[in-house]
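With the working numbering applied, the sequence shown corresponds to residues 1393 to 1483, in that order. Heads up, the beta-carbon is just placed ideally off N, CA and C, and yes, glycines get one too. Each remark here refers to the structure printed beneath this line.
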Amino acid sequence: MTNDLTALAQQDGWHVEDRAARVHYSGATDRYSIEYYHPSECVLYWKVPPTDVEGAAVPVARSAVPDPLRARIREDLAAADIDPEIESRTL
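What follows is the structure in structure tokens.
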């Protein structure tokens, strides 16, 4: 595990798996899974279906993600000494 992943794992809700870290967020109506990939230094957002609906998570554009959630992800990255601008990087 790299130092940045170790530091990110210390942030609230983050879990590390191999070369990536993931956190889940549940808002009033929407659920998201956010993933940071260390090798490519990128963040992906996935919209997760409600628990009472079958289906798979689907990737979503950053423009569809609530600004407060994006801000929280940037704060977590910065706290882990990862450049928060990575959050806005497109693939």
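Excluding residues up to 5 positions away in sequence, TRP1406, ALA1413, ALA1472 lie with their Cβ nearer than 6 Å to the Cβ of LEU1400 in the same chain. Distance from the CA atom of LEU1483 to the CA atom of ASP1444, rounded to whole angstroms, is 31 Å. The beta carbon of ARG1423 sits closer than 6 Å to the beta carbons of VAL1440 from its chain, once the five residues preceding and following it are set aside; these are given in chain order.
In summary, ASP1468 is buried, with 16 or more beta-carbon neighbours lying within 10 Å of its beta-carbon over all protein chains present. Short of 8 Å from the beta carbon of ARG1411, and not among the five residues preceding or following it, lie these beta carbons of its own chain, in chain order: THR1394, LEU1397, TYR1429, HIS1430, PRO1431.
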